[in-house]
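A.B. asks: I am attaching a structure below and will ask some questions about it afterwards.
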Amino acid sequence: MPEWYGWAGTILRVNLTDKTVKKEPLPEYLATQFIGGRGFNSKILFDHLRPGVDPFSPENLLIFGAGPCTGTLIPCSGRFTISTKSPVTGGLGDANSGGHFGPQMKWAGYDMIIFEGKAEKPVYVWIEDDNVEIRDAEHLWGLDTWITTNEIIKDVGDPSISVACIGPAGENMVASAAIINEYARAAAKCGVGAVMGSKKLKAVAVRGTKGIRVADPKGVVDVYFKYVRILKEEDEWWYNNFSKYGTPMFVDQYQGLGALPTYNWSEGVFEKADELGVEKLYPKYVKKKRSCFACVLHCSPFILIEEGPYAGFTGEGVEYEAFTGFGSKIGCANIELVLAAGTMCDRYGIDYISCAEVIAWAFECYNRGILTKEDTDGLDLTWGNEDVVLELIRRLAYREGKIGELLALGSRKAAQKIGKGAEYYSMTIKGQQPGSMDPRVLAAWGFSYAVGNRGGDHLRTHLVCEYMFTPEEMEKYVGTAAASDRFGWHVAKADLVVWSENMRTISNCMEHCTYFNRGAPRLYVEFPVDALRAVTGLDWTYEKLVECAHRIITLERAFNVREGFSRKDDYLPERFYKEPLTKGPGRGKVVPRDHWEKLLDRYYTLRGWDTKTGWPTRETLEKLGLKYVADQLEELGKLPGKGA
């Protein structure tokens, strides 16, 4: 391209082994066919990683990717994606975060930062526009994320920088290790923090001053005001409540739907959910609200516990997943414990969805006699025992004792190690825990957990439209009104998952927040087109963006196929098929296994993948401009009809 608008136009490569830094021009095809962020990262991973590479090998890549909208005035455009081969699933892994790191990275002039190799000793990377330094970090190794951030700010002498770093969990290569930027923003999924730790990369600090050129500045301003107005008018309830409460409001919402995971997913309602709701949270503990860059939804509560056994715990952005993870999933109704646990996870550098899932698994195994006090180092994991939770988190982060080492593996590998039926209670898909919404009452969401390319996951689709779109809206945008019944297992749920996967992939590549488009269909369909046209100056269409999304999803699927994934991996934990809920609005509901097979057939057909194996076909790959991918899969005997 003669001129870049939106994209910075440069890829930064940092080799930690030989301490070299290279800058490469962004290829035009990458921008026009993969958009940015997640799309860029997935393409680089497929092209530059050989099949079978160990996630903790120096050969693995750790990629920070921003989108064309990152750092612009486009609303909620403060996000970026970190991608790698996941040590949790063994397949494609990525995690998305907000805050200000992504914008700073773009303002410094980079669409991607690719970390290669492994440092001999701990290092951190300091980026200030064109200046890139690999600095010693031995004095930072062992520190939590908050102290690390403060120390780097002191080193650099500039409080306006953004720091993304790991804590003890990442250093110890714990399965649930996250990368934390700006104290409370987490790139949480897939063990990305563990890969960063394996590379001895403690932190990345960045400050950018170059800004971003957009093709149509007035158009960008017009997009901002037009779609913020649509958000306020067409999804007024969401705008008002989410801006006021943030994700903790989901405790009340999913309790009401009968979808609140309780006692390690054995039920969908919690008898003490009122103790965890926003009415308990806001009057006493929330002191102010914050937002990510360019966000109109100030969803992040800054909390402080001023008295009692948890006095002094303070933090920001404790999310819904902490409230159910350290609350209903283990039978605990103490909101102060939840807040303290969420803050501790941020400081240790832990994804609290993953952390809470493995702890809930341990609680259930203990209560069923599979784990004993000998296995837990004497800790009592009786349901509701809040006294052990913070200690379990600490031991997990440091891999301390029998229980710490066990929890550090994640529940799938821990269950395989323990045996005795423990695998049944590991509520993971492809080794990854899903978001905390019960699939027995949210059918499409449950199906999306299973087929997602990064394992059990709620953000690959974020299917709130399943219960927020009217039947008429479903018919218009998805093509079938039947998908609007959240309890129904109609085959149309596969159509809804494909549509929502496409929409969320576009968002992930633009790098704007999922929470911006929820209940207003125009924010899914019209907003991305207008935003990308104004920012990049290219003649994007809805159809072109959907094609890009399909290309990215199919390439990610091909990455996983190389690593041994197939149809056999696209299933939920057995509990969801075998155990009906016994309480609440979902009473009696279970996932029908026979219908699941029909959904998979429909989903693969819509994607152009083989129904027998779940592998992309040559016809589909070539249609998407991925002939070289088809050739590679054929050589490996993993192309349908060619060794399948």
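Just so we're on the same page, the working numbering is the position in the sequence shown counted from 1, plus 809. Each residue gets a CB set at the ideal place from its N, CA and C atoms; glycine is no exception.
Using a threshold of 7 Å, state whether the C-beta atoms of F1256 and L1408 are closer than that.
C.D. replies: The answer is yes: Cβ separation under 7 Å.
A.B. asks: Taking only three categories from DSSP, how would you classify R1396?
C.D. replies: DSSP places R1396 in coil when its eight states are reduced to three.
A.B. asks: What are the start and end residues of the beta strand (DSSP E) that includes G902?
C.D. replies: Counting along the chain, the beta strand (DSSP E) containing G902 begins and ends at 901–906.
A.B. asks: Under the three-state reduction of DSSP, which class applies to P1425: helix, strand or coil?
C.D. replies: Correct three-state label for P1425: strand.
A.B. asks: Relative to the C-alpha of P1389, which residue among I923, V1015, G1077, N1311 is closest?
C.D. replies: Answer by Cα proximity: G1077.
A.B. asks: So, do the stretch 927–940 and the stretch 841–849 have three or more beta carbon pairs nearer to each other than 8 Å?
C.D. replies: No: the two stretches stay apart, fewer than three of their Cβ pairs being nearer than 8 Å.
A.B. asks: Give me the residue from A1165, T1123, L1180 with the minimum Cα distance to R1156.
C.D. replies: Out of A1165, T1123, L1180, T1123 has the C-alpha closest to the C-alpha of R1156.
A.B. asks: Extract the residue ranges of the beta strand (DSSP E) inside the stretch 938–964, only unbroken runs of 3 or more that lie entirely within it.
C.D. replies: Listed in chain order, they are 940–945.
A.B. asks: Where does Y933 sit, in a helix, a strand or coil, going by DSSP?
C.D. replies: Note: Y933 maps to strand in three-state DSSP.
A.B. asks: Just to confirm my understanding: we take R1360, look at its own chain, exclude 5 residues before and 5 after, and list those with CB closer than 6 Å. What are they?
C.D. replies: So the list reads L1433, once near-sequence residues are dropped.
A.B. asks: Quick one: what does DSSP say P864 is sitting in, helix, strand or coil?
C.D. replies: DSSP places P864 in coil when its eight states are reduced to three.
A.B. asks: So, are the CB atoms of R1295 and E1275 less than 7 Å apart?
C.D. replies: Yes, they are a contact pair.
A.B. asks: Would H909 be called buried (16 or more neighbouring beta carbons within 10 Å of its own) or exposed?
C.D. replies: H909 is buried by the Cβ-count criterion.
A.B. asks: Should the stretch 861–878 be called in touch with the stretch 886–896, which here means at least 3 C-beta pairs below 8 Å?
C.D. replies: Touching, yes, given that three or more Cβ pairs across the two stretches are closer than 8 Å.
A.B. asks: Enumerate in chain order the residues of its own chain whose CB-to-CB distance from V1438 is below 6 Å, with the five nearest sequence positions on each side excluded.
C.D. replies: The answer, listed in chain order, is A1367, L1430.
A.B. asks: If you follow the beta strand (DSSP E) that A995 is part of, which residue opens it and which one closes it?
C.D. replies: It spans 994–996 - the beta strand (DSSP E) in which A995 sits, taken as one unbroken run.
A.B. asks: Just to confirm, is the Cβ distance from G1395 to V1250 under 7 Å?
C.D. replies: Yes. Within cutoff.
A.B. asks: If you scan the stretch 1113–1141 from start to end, which runs of the alpha helix (DSSP H) of 4 or more residues do you find wholly inside it?
C.D. replies: The stretch 1113–1141 contains these whole alpha helix (DSSP H) runs: 1129–1134.
A.B. asks: Note down the Cα distance separating V862 from R1402, rounded to an integer number of angstroms.
C.D. replies: The alpha-carbon atoms of V862 and R1402 are separated by roughly 34 Å.
A.B. asks: Could you tell me whether the Cβ atoms of D920 and A817 are closer together than 7 Å?
C.D. replies: Yes. Within cutoff.
A.B. asks: Could you tell me the alpha carbon to alpha carbon distance between E1200 and V897, rounded to whole angstroms?
C.D. replies: Approximately 23 Å between the Cα atoms of the pair.
A.B. asks: Provide the residue span of the alpha helix (DSSP H) that contains E1356, from first to last.
C.D. replies: Run containing E1356: 1351–1371, per the alpha helix (DSSP H) assignment.
A.B. asks: Which residues bound the alpha helix (DSSP H) around F1256?
C.D. replies: Counting along the chain, the alpha helix (DSSP H) containing F1256 begins and ends at 1252–1260.
A.B. asks: Could you say which of A1150, G1228, L1445 lies nearest to D1184 if we only look at CA atoms?
C.D. replies: That would be G1228, whose Cα lies nearest to the Cα of D1184.
A.B. asks: For my contact list, L901 and N1317 are in at a C-beta cut-off of 8 Å; report their separation, rounded to the angstrom.
C.D. replies: Between N1317 and L901 the Cβ distance is about 13 Å, and since that is not below 8 Å, they are no contact.
A.B. asks: Confirm the yes/no value for this check: CB of G1178, any heavy atom of the ligand PLP, distance under 6 Å.
C.D. replies: In the structure shown, the ligand PLP is absent, as is every other ligand, since no ligand is present at all.
A.B. asks: Cutting at 6 Å between CB atoms, please list the residues of its own chain near P1330, excluding the five before and the five after it.
C.D. replies: These residues qualify, in order along the chain: E1282, Y1286.
A.B. asks: Are there three or more Cβ pairs, one per stretch, closer than 8 Å when the stretch 934–950 is compared with the stretch 1026–1035?
C.D. replies: No, because fewer than three Cβ pairs between the stretch 934–950 and the stretch 1026–1035 fall closer than 8 Å, the two stretches do not touch.
A.B. asks: Could you tell me the distance, in whole angstroms, from the CA atom of E1145 to the CA atom of N905?
C.D. replies: E1145 and N905: Cα-Cα distance of roughly 27 Å.
A.B. asks: In its own chain, which residues sit with a C-beta less than 6 Å from the C-beta of E942, not counting the 5 before and 5 after it?
C.D. replies: Counting only Cβ-Cβ distances below 6 Å, and skipping sequence neighbours, we find W935.
A.B. asks: So, helix, strand or coil for S892, using DSSP?
C.D. replies: Three-state DSSP puts S892 in a strand.
A.B. asks: For Q1064, which beta-bridge partners are listed by DSSP?
C.D. replies: DSSP lists no partner for Q1064.
A.B. asks: What span of residues does the alpha helix (DSSP H) with R1313 cover, start to end?
C.D. replies: Run containing R1313: 1301–1319, per the alpha helix (DSSP H) assignment.
A.B. asks: Keeping to the same chain, check which residues put their C-beta closer than 8 Å to that of R1384; ignore five residues upstream and five downstream.
C.D. replies: Contacts found: W1074, S1075, Y1233, Y1234, M1236.
A.B. asks: What distance in whole Å lies between the Cβ atoms of G1006 and I975, which are believed to be in contact at a cut-off of 8 Å?
C.D. replies: Rounded, the Cβ-Cβ distance is 5 Å, consistent with contact.
A.B. asks: Keeping to the same chain, check which residues put their C-beta closer than 8 Å to that of D1348; ignore five residues upstream and five downstream.
C.D. replies: Contacts found: R1342.
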